[in-house]
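Below: one structure, written as structure tokens.
Residue numbers (our numbering): 109 to 402.
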């Protein structure tokens, strides 16, 4: 067994959110010497249950004993139904972790560093478009890069939150929102403190806010550009959503904010139909993982 290769695969598993619970199975399957194999895993995030199938292949180079972690199929199960998507492992940059996959399948947005096949890496918000699927049933991934103009700090700052007076708590709130979580905060209204939940909404350059019963609450919109003798200009309406398949954009096309092509359909697989709504549910990131051999 190639120990260096094994250590590299263990790191990939860890940073993809699968922890160390699958290492024993991984070692066993590699020792068997199969050209390809799969490992199944499950994890619970609060009331959301994630099932994943991880795909490994051995190098086709003659005499090589190296294995590669290529992708995983993720399926979310909760009271709204199920939703599935395939996420590819990026050997050059940061892959979508299992917790982020859960948040994406719940209909929320995640802020990630994107590493295209060509060009430099850049950061963008990504969101699954369940209403737009390819021939393999994979949801289209919409990208909102920095040139799109979404300012998370400005959007959150429109809401009178108790946390605004605590820089450390605000930083933790921003990090949670960027990872696609439904973040808890305290709204100050009429001298009273109200527990609320927030979710980033880059498409409309705002944040969504819900009470603890998941009832949507009002959030002030972005300031409009008002010019003399003209009606206010809604810049949000003028922006065009950028959409394509995850892992395939080039920096040049994405920075222009235009729609670009989808990735090779052969790289996309589907595990189940999606029937989950975009309604947001509270997320707890703590949970116990377990892995099962496929």
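Glycine included, C-beta positions come from ideal geometry on N, C-alpha and C. Since the model is a prediction, treat every value here as computed from it, not as a measurement.
Taking C-beta atoms as the reference points, residue 125 and residue 205 count as a pair closer than 9 Å. Excluding its 5 nearest sequence neighbours in each direction, residue 252 has C-beta neighbours in its own chain below 7 Å: 232, 233, 258, 310, 311 and 350, listed in chain order. Of the candidates 285, 305 and 286, 305 places its Cα closest to the Cα of residue 294.
Contact between the segment 242 to 252 and the segment 288 to 303 is absent: fewer than three C-beta pairs spanning the two stretches fall below 8 Å. Nearest in C-alpha terms to residue 177, of all of 121, 183, 207 and 155, is 121. Contact between the segment 158 to 172 and the segment 130 to 147 is present: 3 or more CB-CB pairs across the two stretches fall below 8 Å.
When only Cα atoms are considered, residue 218 and residue 316 end up about 14 Å apart. The criterion of a C-beta distance shorter than 9 Å is satisfied by residue 308 and residue 263. Inclusion of residue 211 and residue 288 in the CB contact set at 9 Å is warranted, their separation being smaller than that value. In the DSSP assignment, residue 278 falls within the unbroken alpha helix (DSSP H) covering 275 to 286. Exposure of residue 274 is indicated by the presence of fewer than 16 other C-beta atoms within 10 angstroms of its C-beta. Taking C-beta atoms as the reference points, residue 248 and residue 223 fail to come closer than 9 Å. Secondary-structure assignment with DSSP links residue 189 through a beta bridge to 186. Taking all protein chains shown into account, residue 326 has fewer than 16 neighbouring C-beta atoms within 10 Å of its C-beta and is therefore exposed. By the neighbour-count criterion, in which a residue is buried when 16 or more other Cβ atoms sit within 10 angstroms of its Cβ, residue 331 is exposed. The three-state reading of DSSP puts residue 218 in strand, counting E and B together. Looking at the DSSP output, residue 301 sits in a beta bridge with 296. In this structure, the straight-line span from the alpha carbon of residue 170 to that of residue 208 is close to 37 Å. Annotation: the continuous beta strand (DSSP E) that includes residue 249 extends over 247 to 253. For residue 138, the secondary structure class from DSSP, reduced to helix, strand or coil, is helix. By the Cβ neighbour-count rule, residue 158 is buried, with 16 or more other Cβ atoms within 10 Å of its own.
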